[in-house]
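**Student:**
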Amino acid sequence: MKSPALTARDRLIVALDFPTQAKALALVSVLSDSVSIYKIGLQLYTAAGPAIVQAVAATGAKIFLDLKLHDIPNTVAKAVAAAGELGVQMLTVHLSGGGAMLKAAVEARPPHLSLLGVTVLTSATQETLDEIGVTSVVADQVLRLAELGKKSGVDGLITSPREVGLLRERLGAEITLVTPGVRPSWAAADDQKRFTIPREALQAGADYLVIGRPITAAPDPRAAVERVLEEMAG
Ligand code: C5P
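Position one of the sequence shown corresponds to residue 517 (this note's numbering), numbered consecutively onward.
1) In terms of residue numbering, what span does the alpha helix (DSSP H) encompassing VAL596 cover?
2) Helix, strand or coil for ALA574, going by three-state DSSP, please let me know.
3) Note the first and the last residue of the continuous beta strand (DSSP E) segment covering LYS555.
4) For the ligand C5P, is there a heavy atom less than 8 Å away from the beta-carbon of SER639?
5) Closest to GLU679 by CA distance: which of ALA662, LYS667, VAL670 is it?
6) What residues are listed by DSSP as bridge partners for VAL609?
7) What's the call for ILE648, buried or exposed, on a 16-neighbour Cβ count within 10 Å?
8) Let me know the secondary structure DSSP gives GLY665 once reduced to three states.
9) Taking all protein chains shown into account, decide if GLY728 is buried (16 or more other Cβ within 10 angstroms of its Cβ) or exposed.
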């Protein structure tokens, strides 16, 4: 899936964090020619189901289904295959599900589907790891899981802008790195604490940027996309 010829437009993923299909589709219709990939996460998928994936895909856009799968290998493999049949192009799995689960997921994915591994959620702290009996420091756990993902054959990783440079350096050029927590220079931080601007994330080695509210909550979402694309390309 890696292609050095990707344009800014190819690299932008807009997060459709909406409660209903109607709200999500209203935004997609406004952005129709300017966005090529949308992220559908747990909230929208739980509310609207496979129909929202099909409806967005019918506009010609690619779908990143962010379900962060984590279950027994057989169940995850079946869910990966089902997402492939739905026409999804990117799907997340928790790397902490372990090597057997990841290998089952990798084997079950069709060629058009990229599996992206989640390391340690950025909401997790050292205390969170302690609570679940993980004794490593967060940074070591991120690296350990990222390396497990690469060894298991996942196509890419979700990474915070803080870690993208290190993961690119350690894991090489081939792995796809997808980075949320990005804020254009003109946008509000919202609840993002350790964000970077689009250009910095790309320069540090990100392949794709996930951006939600600076676009979805903008008074003119189409103009916001154009400004983000200019900043990415600039
Ligand atoms: O609105 P905003 O640009 O903050 O949205 C970013 C998207 O990326 C949301 O869907 C959020 O859940 C997701 N995300 C994130 N930080 C992470 C992982 C995922 O912001 N560490």
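Positions of the beta carbon are idealized from the N, C-alpha and C atoms, including for glycine.
**Tutor:** According to the structure shown:
1) 589 to 602
2) coil
3) 553 to 557
4) yes
5) ALA662
6) LEU585, GLY633
7) exposed
8) helix
9) buried
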